[in-house]
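Under my numbering, the first residue of the first sequence carries the number 3, and numbering increases by one thereafter. Glycine included, each C-beta is placed from N, C-alpha and C at the ideal position.
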Amino acid sequence: MTAPEASRDAGARSPDLSLGATFYARPVLDVARDLLGCVVRHGDSAGVIVETEAYHQAEAACHAHVGLTPRTHILFGPPGLAYVYRSYGIHALLNAVCEPEGVGAAVLIRALEPLEGVDAMRARRGLERLEDLCSGPGKLTQALDIELEFNGSDLAAGPIRIEPAAPGWEEIEPVAGPRIGITKAAELPWRFCAPGARSVSRPRPPALRVLRTR
DNA sequence: CATGGGATTGACT
DNA sequence: GTCAATCCCATGC
């Protein structure tokens, strides 16, 4: 995939070991791939990112495509902020603002592998099975208690934090496919999944289905 | 000010 | 596979 060495060097870490603004200031496709394996933490719960999607103002599926509005201004702001919005009137979806300030782009966090605080996740989701807790963009925000109030918050400073991937993730080749649930620019292969992950949302990319038969 | 669409999920057929 | 639930906000009258 991308050059992991260059990405790691470019992705400066803040003192608390969260990923810093220079990590997010890069091309949104690079960030979407490099976020696989990173850890989203909020309160006592945390999970490993196993699925992302990239959005950029140049294509119509991105909220920033319409330009600068009260709703989208966060997307054009400094990289490394959280963009949280309500989807279908029901779910809060978590994004990481990317590219330099002035460019509207973000990575949607679509699925996590539960890592810590699993019982709290179960309580908030009202479900038991591990694979059902964070296997979707609306599920993971419910599991981690992420709501609209965190829109514009700093993903390095918290309260929601994204931490670097554990060693070894830079060698993992993401499975790319078309983005899910959109009608515009649906042909772009800007969805990225970690191969072998059990908590990827549906529909699973064909490449993952093959890996999981037997 | 009214309207309509959307980056979803879960229940049901 | 189909469909309803339900809310923010952009757009247009």
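What residue from the options has the CA that sits closest to residue i's CA?
i, options, result
"residue 163", "152, 170, 172 and 171", "152"
"residue 150", "56, 202, 86 and 52", "86"
"residue 82", "90, 103 and 92", "103"
"residue 145", "95, 160, 197 and 189", "95"
"residue 195", "99, 189 and 175", "175"
"residue 183", "133, 208, 139 and 161", "139"
Is it right to say residue i is buried, meaning 16 or more other beta carbons lie within 10 angstroms of its own, or is it exposed?
i, result
"residue 185", "exposed"
"residue 115", "buried"
"residue 92", "exposed"
"residue 125", "exposed"
"residue 90", "exposed"
In the structure shown, what three-state DSSP assignment does residue i receive?
i, result
"residue 42", "strand"
"residue 142", "helix"
"residue 63", "coil"
"residue 169", "coil"
"residue 25", "helix"
"residue 237", "The shown model of the chain, from 3 to 216, leaves out residue 237, and the question about it has no answer."
"residue 151", "helix"
"residue 125", "helix"
Go to residue i, then tell me how far its alpha helix (DSSP H) extends in each direction, as first and last residue.
i, result
"residue 133", "132-135"
"residue 185", "Unbroken run through residue 185: none, as it is neither H nor E."
"residue 206", "Segment: none, residue 206 is in no alpha helix (DSSP H) and carries neither H nor E."
At what residues does the beta strand (DSSP E) containing residue i begin and finish?
i, result
"residue 85", "84-89"
query = Quick check: the region 37-52 against the region 64-76, are there 3 or more CB pairs under 8 angstroms?
reply = no
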